Amino acid sequence: MKQVLLIGDSLRMGYCETVKELLADRAEVVYPAENCRSSTYIRCSLFNWSQLCDSTRTAVVQFGCGQWDTAHFDGDELPLVSLGEYTNNLRAIVRHLREYFPGAHLIFATTTPMNPAGIEMRNPRTTEDIRRYNEAAKSVMAELSVEVNDLFAAAEGWSEDSFIDYCHLKPEAYRALAEIVVRRIAKHL
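In structure tokens:
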């Protein structure tokens, strides 16, 4: 059976089980048990996570990051990962994914927007910052011929009723994202 690897932060963690269930008859869906955090963390951890899969059976890798990258930890003036570092990390991630999974179709998932209610948080970030990083990521992916699954666009109009806090979603919203992810991945199985 073909394999699908999902890499991403807590948003991925919110939909990965549903993706696994929905694709159970078509592919083995694999993902790290942990939150994959930022682009820097993904870049540093990618080799270990690649060991979760059989590279000869991995048909699709969907990866995404941005929430942690854009966060201003403890209110710092600068985000955790600068935009330049973010795009450099994305290029390295794609390069390594192609090395580890030469036959896999790569998909980059954009980061979803923040709760429009503007809930205060310890490590703030804004939808505007996320949009800026997503646009930069889309440019990098176009340059590298990597497909984009625009989860930001899918969730952009969602009301605060879809959220449980500043960025995490209610089960029905995660289900909606999972269905979008499954439709995109299924095209390549």
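Going by the working numbering, the first residue of the sequence shown is number 1, and it counts up by one from there. Backbone N, C-alpha and C define an ideal beta-carbon position, used for all residues, glycine too. Nothing here was measured: the structure is a model prediction, and the numbers come from that model.
Residue i classed as buried or exposed, judged by whether at least 16 other C-beta atoms fall within 10 angstroms
i	result
leucine 6	buried
aspartate 199	Residue 199 falls outside the range modelled here, since the chain spans only 1 to 189, and no answer is possible.
asparagine 48	exposed
methionine 141	buried
alanine 117	exposed
aspartate 76	exposed
arginine 184	buried
arginine 95	exposed
Spatial neighbours of residue i in its chain, beta-carbon cut-off 7 Å, leaving aside the 5 residues before and after
i	result
serine 113	For the sequence presented, residue 113 should be read as proline rather than serine. These residues qualify, in order along the chain: Thr127, Ile130, Phe152, Ala155, Glu156.
methionine 13	Asn35
Coil, strand or helix - residue i by DSSP
i	result
alanine 137	helix
alanine 109	strand
leucine 83	helix
lysine 20	helix
leucine 189	coil
isoleucine 93	helix
Closer than 7 Å to chain C by CB, residue i
i	result
alanine 173	Absent here is chain C; the protein component of the structure consists of one chain.
Residues near residue i in its chain [Cβ-Cβ closer than 6 Å; skip 5 each side]
i	result
asparagine 115	Glu160, Phe163, Tyr166
valine 29	Val4, Val19, Lys20, Leu23
Expected contact under 8 Å - CB spacing of residue i and residue j to nearest Å
i	j	result
phenylalanine 108	alanine 71	Not a contact, Cβ separation roughly 19 Å.
serine 55	tyrosine 100	6 Å
aspartate 74	arginine 122	7 Å
Cutoff 8 Å; reference residue i; Cβ partners in own chain excluding five residues on either side
i	result
alanine 193	Look at the range of the chain in this structure, 1 to 189, and you will see that residue 193 is not part of it.
leucine 22	Ala178, Glu179, Val182
Legend entry - Secondary structure, alpha helix (DSSP H): runs of 4+ residues fully inside the segment 23-78: Entirely contained in the segment 23-78, the alpha helix (DSSP H) runs reaching 4 residues are, in chain order, 39-50, 67-70.
Legend entry - Segments of 4+ residues assigned as alpha helix (DSSP H) that fall wholly inside the segment 127-185: Runs of the alpha helix (DSSP H) lying entirely within the segment 127-185, each at least 4 residues long, are 127-143, 151-155 in chain order.
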